[in-house]
Amino acid sequence: RARVFSGIQPSGEFHIGNYLGAARQWASMVRDQKEELLFCIVDAHAITVPFEPAELKRRILALTRDLIACGLDPDKCTLFVQSDVPEHTELAWYLAAVTPMGDLGRMTQFKEKSENKDFVSCALFTYPVLMSADILLYKATVVPVGDDQVQHVELARETVRRFNHRFGEIFPEPHPRLSTATRIKGVDGNAKMSKSKNNSIATFSPPDEFWGKLRTAFTDPQRLRKSDPGRPEVCNIYTMHKAVSPEATCNEVYANCTQAKWGCMDCKKVLWENFDRELTPLREKRASLDDDAVRAALAKGAEKARATAKETVTEVRTAMGLGSGA
Ligand code: ATP
Ligand code: MG
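Note that our numbering has the sequence shown beginning at 2, numbered continuously upward.
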């Protein structure tokens with residue numbers, strides 16, 4: 002059985018990009034039960050940019066609750082918090098010893114997140130090394146990600162080659178598994194929707210708030226009037242239709258947009274209804290979960306994850322000649 006690892010940062014509200022690009026695919030793997038699944042709330046990644054401790058603490062529980070509501074049943078997968086398993090940061094340090102600085106400097110996420118910032122932490126630069134450790138600690142071979150994270154998974158694969166070449170065959174090579182939904186753009190139309198960018202629609206915001214954000218979301222920049230024909234292939238709204246609306250609806254949307262029969266508001270209304278239909282049962286599930294249930298799930302998850310993590314780190318220490326033991 003292939004082992005699958007994926008993570009998400011408790012860095013802000015769980016948005017529809019995270020839902021369509023990550024959580025929905027994870028939930029379907031949980032339903033299928035064909036692979037061994039580990040899903041991690043990567044809090045140590047969330048401290049690579051400025052953060053508030055009390056807020057971080059609150060977000061860890063909130064995000065876990067959102068994920069369980071999406072279908073990550075903690076009895077059917079290993080759902081845990083990264084810093085509850087300290088072996089993640091330990092292995093990251095060891096892997097940093099075989100990772101060239103030049104490779105890290107080429108990472109687009111680093112370039113994007115460090116651009117025009119007064120303070121850029123060393124941790125933001127080494128972020129991909131910690132992500133390699135997340136994956137390799139469990140010897141996972143499949144890493145479901147959105148296309149913004151593919152570069153990091155490729156770096157992890159390079160790290161495996163370098164490490165194995167130097168210290169012996171310990172790690173298998175991981176491969177990215179892209180979600181079917183492509184990158185969701187932010188409501189401002191400038192960049193990808195991100196928790197940290199204030200350009201997102203929170204998946205579990207109340208329906209009227211959800212609509213408020215969707216209503217003002219950026220569409221096709223060349224479509225200024227309703228009478229202008231739209232270009233669904235460049236429109237973020239159409240990307241989302243393809244992810245949540247039935248095929249017949251997508252065809253209808255496409256025809257009405259290109260023939261200028263529908264305005265963007267008509268198209269968004271239909272999208273909103275389809276989102277609402279899909280999210281209603283998830284909202285109900287979410288309402289039924291309290292903090293105690295969430296904490297209990299995470300404690301069990303960490304215990305399961307840690308058993309494997311300890312084994313791997315012991316193996317790595319031995320291979321690298323670390324420690325005082327024989
Ligand atoms: P941050 O802004 O703090 O980096 P984020 O919104 O990018 O937050 P992450 O925790 O970095 O979220 O990523 C979690 C998962 O969601 C990853 O698999 C990532 O590829 C996916 N993802 C993030 N944003 C999008 C998006 N806009 N469209 C599709 N998938 C996305
Ligand atoms: Mg991100």
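Virtual Cβ for every residue (Gly too), placed ideally from N, Cα, C.
None of the values given here were measured: they were computed from a predicted structure.
Query: C-beta contact flag for Lys243 and Gly18 at 8 Å; Result: no
Query: Arg184 and Pro145 closer than 8 Å at C-beta; Result: no
Query: Ser195: CB within 7 Å of a non-hydrogen atom of the ligand MG; Result: yes
Query: Cβ-heavy atom distance, Asp149 to the ligand MG, below 7 Å; Result: yes
Query: Cβ contact (3+ pairs, closer than 8 Å) linking the region 21–35 and the region 158–166; Result: no
Query: Distance, Leu38 Cα to Gly147 Cα; Result: 17 Å
Query: Spatially closest choice to Ile61 from Met241, Ala45, Ala308 and Pro175, by CA coordinates; Result: Ala45
Query: Whole beta strand (DSSP E) elements within the region 166–202, 3-residue minimum; Result: 176–179
Query: Gly1 - containing alpha helix (DSSP H), residue span; Result: No information on residue 1 is available, as it lies outside the stretch 2 to 327 that the chain covers here.
Query: Contacting residues, own chain, Cβ-Cβ under 8 Å from Leu21 (five flanking each side not counted); Result: Ser180, Ala182, Ile185, Met241, Ala244 and Val245
Query: Distance between beta carbons of Leu125 and Lys112, contact taken as under 8 Å; Result: 11 Å between Cβ atoms; not a contact.
Query: Enclosing beta strand (DSSP E) for Ile42 [first to last residue]; Result: Glu37 to Ile42
Query: Validate contact between the region 76–83 and the region 292–303 using beta carbons, cut 8 Å, 3 pairs; Result: yes
Query: beta-carbon Thr65 near the ligand NAD non-hydrogen atom, thresh 7 Å; Result: Questions concerning the ligand NAD fall outside what the structure shown contains, since the ligands it does hold are the ligand ATP and the ligand MG.
Query: 8 Å Cβ cutoff met for Arg4 and Lys140; Result: yes
Query: Beta carbon of Ala320 nearer than 8 Å to that of Gly106; Result: no
Query: Chain-order list of residues whose beta-carbon lies under 7 Å from that of Thr49 (same chain, five-residue window excluded); Result: Ser122, Ala124, Leu125 and Tyr128
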